[in-house]
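Q: First residue of the sequence shown? That's 18 in my numbering, and the numbers climb one at a time after it.
For glycine and all other residues, C-beta sits at the position ideal for the given N, C-alpha and C.
Mind looking over this structure? Questions follow.
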Amino acid sequence: MKKYLITGCAGFIGSNFVHYMLKKYPEILLVNLDKLTYAGNLENLKDVEGDPRHVFVQGDICDKELVESLFAKYDFDYVINFAAESHVDRSIKNPEIFVQSNVMGTVNLLQRAKEAWYDADAKTWKEGKKYLQVSTDEVYGALGAEGFFMETTPLCPHSPYSSSKASADMFVMAFHDTYGMPINITRCSNNYGPYQFPEKLIPLMINNVKHHKQLPVYGDGMQIRDWLYVEDHCKAIDMVCNGGKVGEVYNVGGHNERPNIFIVKTIIEQLHDRLKDDGISEDLIKHVADRLGHDRRYGIDPTKIKNDLGWYPETPFEKGIVLTIDWYLDHEEWMEHITSGNYQKYYEEMYKNK
Ligand code: NAD
Ligand code: DAU
C-alpha cells in the first residue's frame, strides 16, 4: 500500500485530489497536512469523513518537528505539496506570508523528506520515493499573442505569488541537482470546478450573478487564461507521481484559452437560462481598476505530458463549466457557509470532539 503525505488538501485542488485518489485506489493512505488558513475548508472533505484511508492533520508545512514526526510515523512513499497561499490579489497586498508558506514551507518539506529518504553514508536514496511539487504556469510570466509555455520556457514571474512559486520550484530542482533527490514538478494552468474558494474568478462570478451583485471585471477583461477542469489536473498529478520520469517538469493544460470577459458572459448566460431570472444580465458587469502587474495571457503546451504519460484534458470547457455551475447550484449551503464565515465554526465543531 502506497503512503502519501499530501499537503494543503483542505483547499480546492487538494480536496478534489483526495476524492479522486480514494475513488481510484482501494488501498492507499493519504495523510493530509493542512494549516486550515482562510482557504482551507474541512467541509470540502465531508464526503470522506470516517474513511480510514484519509488521515487529516492540522498543521503548518513550515513546522519542522511536526513534519519530522509524520515521516517517522508513516514512512511515506510520496510527498505531494499542494499547500500554498494561492491568490494573486492577496499576494499583491501582503507578500510576506507567500514567502513563508510557499518558499520556506517547501524547503522544510524537502529537508524533512531528504532526512527520511537519503542514506548519507551510502549516498543513496531509498527505492520508490518521490517528492512532487504542484506548481503553476504563472512562473513563466506572461505571453504575447503568439506561442505557448513549454517546460523549457525560462522562469519570469511577475507577481509576489508567482515569484514565490518560482522560487519554490528552484529549490525543488536544487534538491534534485545537488543531492539527487527524486522529484517532479507539475506546472498547471487555471483550474475550475467544485470546492473552489469564491475569491477566484469562476466561483466568485457564479455567486455574484446568482445574487444580482456587480461583476468586477479587471481592466478590459481581455486577459486570457487556459482553463482546466480540476479532475483532469488531479489525474495528471497521479500520473506524474506514479509514472513521471524523475527530475522532470511537466506542464499541464489543455489549449483551452478564453478571455475573462468570455467566462463572465458564459456564466451570465448559463445562469439566466437555468434560473429563468431576467434580473441576470450583462448589465451586472462592471469594469474595475486592473490588477497591478496583470499578466495578459497564459497558454500551456501540454505535448510532453501527452507524449510521455498519455495524459490529455478529458473535459471540454463547454462540459466542465456546466458541471461546475451545477455543482455550485447544488451546494448553496457550502457557499453560504463560506460567505457568511460559518465555515470557521464548522472547524471548531469538528475539533471539539477530537
Ligand atoms: P487553495 O488556496 O484553495 O488551497 C490551499 C490550501 O493550502 C488550503 O487548504 C490552506 O489551508 C493550505 N495551506 C496554506 N498555507 C499552508 C501552510 N503553511 N501549511 C499547511 N497548509 C497550508 O489553493 P488551490 O487553488 O487548491 O491550489 C493548490 C496548489 O496548486 C497551490 O500550490 C497552487 O499554487 C497550485 N495551483 C493552483 C492553480 C489554480 O488554478 N487554483 C493552478 C495551478 C497551480
Ligand atoms: O494560472 C494558474 C493560476 O491560476 C494559479 O497558480 C493561481 O493559484 C490561481 O489563483 C489562478 O490565478 P489567476 O490570477 O489567473 O486566477 P483568478 O481567479 O484570481 O483570476 C483569473 C483572471 O480573472 C485574472 O486575469 C484576473 C481576473 N479577475 C479575477 C477576479 C477574482 C477579474 O477580472 N475579476 C475578479 O474579480
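Please state whether DSSP places K147 in a helix, a strand or coil.
A: Three-state result, K147: strand.
Q: Count the other C-beta atoms from every protein chain shown that fall within 10 angstroms of the C-beta of M38, then say buried if there are 16 or more, exposed otherwise.
A: Buried, because 16 or more other Cβ atoms sit within 10 Å of the Cβ of M38.
Q: Of the choices D186, G260 and P276, whose alpha-carbon is the least far from that of L172?
A: Answer by Cα proximity: D186.
Q: How about the segment 124 to 140 and the segment 286 to 297: do they share at least three Cβ pairs that are nearer than 8 Å?
A: The segment 124 to 140 vs the segment 286 to 297: no contact.
Q: DSSP puts V305 in a beta bridge; with which residues?
A: For V305, which the question treats as bridged, DSSP gives the partners Y235.
Q: Tell me whether S206 sits in a helix, a strand or coil according to DSSP, three-state version.
A: Coil, per DSSP.
Q: Given a threshold of 16 other Cβ atoms within 10 Å of its Cβ, counted over all protein chains shown, does E102 qualify as buried or as exposed?
A: Buried, since its Cβ has 16 or more Cβ neighbours within 10 Å.
Q: State the DSSP-derived secondary structure class of D51, mapped to helix, strand or coil.
A: Three-state DSSP puts D51 in a strand.
Q: Is any non-hydrogen atom of ligand 1 found closer than 8 Å to the C-beta of L172, if you look at the structure I gave you?
A: No, Cβ of L172 sits at least 8 Å from all heavy atoms of ligand 1.
Q: Exposed or buried, Q287, counting other C-beta atoms within 10 Å across all chains shown (16 or more means buried)?
A: With 16 or more Cβ atoms within 10 Å of its Cβ, Q287 is classed as buried.
Q: Quick one: grab the DSSP three-state call for W134.
A: In this structure, W134 counts as helix in the three-state DSSP scheme.
Q: Over what stretch of residues does the alpha helix (DSSP H) that includes P220 continue unbroken?
A: Per DSSP, P220 belongs to the alpha helix (DSSP H) from L218 to K227.
Q: Run the proximity test for D154: is its beta-carbon closer than 8 Å to any non-hydrogen atom belonging to ligand 2?
A: The answer is yes for D154.
Q: Round the Cβ separation of Y315 and F29 to the nearest angstrom and send it over; I've been treating them as touching at under 8 Å.
A: Between F29 and Y315 the Cβ distance is about 18 Å, and since that is not below 8 Å, they are no contact.
Q: Quick check: the segment 77 to 92 against the segment 102 to 111, are there 3 or more CB pairs under 8 Å?
A: Output reads no: the segment 102 to 111 does not touch the segment 77 to 92.
Q: Please report the residue range of the alpha helix (DSSP H) in which L39 lies.
A: Where L39 is concerned, the enclosing alpha helix (DSSP H) stretches over F29 to K41.
Q: Examine ligand 2 and report whether any of its heavy atoms sits within less than 8 Å of the Cβ of N277.
A: Yes - ligand 2 has a heavy atom lying nearer than 8 Å to the Cβ of N277.
Q: Using only the alpha-carbon positions, how far apart do T195 and I338 sit?
A: Cα to Cα, the separation comes out at about 43 Å.
Q: Comparing the CB of I78 with every heavy atom of ligand 1, is any distance shorter than 8 Å?
A: Flag set: Cβ of I78 near ligand 1.
Q: Which same chain residues end up closer than 6 Å to Y135 when comparing Cβ atoms and leaving out the 5 residues on each side of it in sequence?
A: Cβ within range, chain order: W142.
Q: What three-state label does DSSP hand N268 in the structure shown?
A: Looking at N268 - three-state DSSP - the assignment turns out to be strand.
Q: Does the beta-carbon of G261 have 16 or more other beta-carbons within 10 angstroms, so that it is buried, or is it exposed?
A: Under this definition G261 is a buried residue.
Q: Quick check: what's the CA-CA separation for I302 versus K227?
A: Whole-angstrom Cα-Cα distance: 13 Å.
Q: Tell me the start and end of each unbroken alpha helix (DSSP H) in the segment 83 to 120 that is at least 4 residues and wholly inside, in chain order.
A: Taking only runs of at least 4 residues, the alpha helix (DSSP H) segments lying wholly in the segment 83 to 120 are 105 to 110.
Q: Mapping DSSP to helix, strand and coil, what is N201?
A: Three-state result, N201: strand.
Q: Between N61 and N268, what straight-line distance do the alpha-carbon atoms span, to the nearest angstrom?
A: Roughly 26 Å separates the two Cα atoms.
Q: Which residues does DSSP pair with D290 in a beta bridge?
A: BP columns for D290 are empty, so no partner.
Q: For Q213, does the three-state DSSP call read helix, strand or coil?
A: Of the three classes helix, strand and coil, the one that applies to Q213 here is coil, per DSSP.
Q: Could you check the C-alpha separation between N49 and F165 for me, to the nearest Å?
A: Distance between the alpha carbons of N49 and F165: 34 Å.
Q: Distance, Cα to Cα, L160 vs L59?
A: So the alpha carbons of these two residues sit roughly 36 Å apart.
Q: Taking a contact to mean a Cβ-Cβ separation below 9 Å, would you say P174 touches Y157 in this structure?
A: Against a cut-off of 9 Å, the Cβ pair of Y157 and P174 comes out as a contact.
Q: Quick one: Cα of L232 to Cα of P199, how far?
A: Taking the straight line from one Cα to the other gives about 45 Å.
Q: Apart from the five residues just before and just after G270, which ones in its own chain have a Cβ nearer than 7 Å to its Cβ?
A: The answer, listed in chain order, is D154, C205, S206, D243, L245, I317 and P319.
Q: Please go through the same chain and pick out, in chain order, the residues whose beta-carbon is closer than 8 Å to the beta-carbon of Y95, but skip the five residues on each side of it.
A: Closer than 8 Å at Cβ, skipping near neighbours: K19, K20, Y21, L22, K146, K147, Y148, L149 and C258.
Q: From what residue to what residue does the beta strand (DSSP E) around P276 run?
A: E274 to P276 is the span of the beta strand (DSSP E), which, as asked, contains P276.
Q: Counting only runs of 4+ residues fully inside the segment 139 to 199, write out the alpha helix (DSSP H) ranges in chain order.
A: The qualifying runs are 177 to 196.
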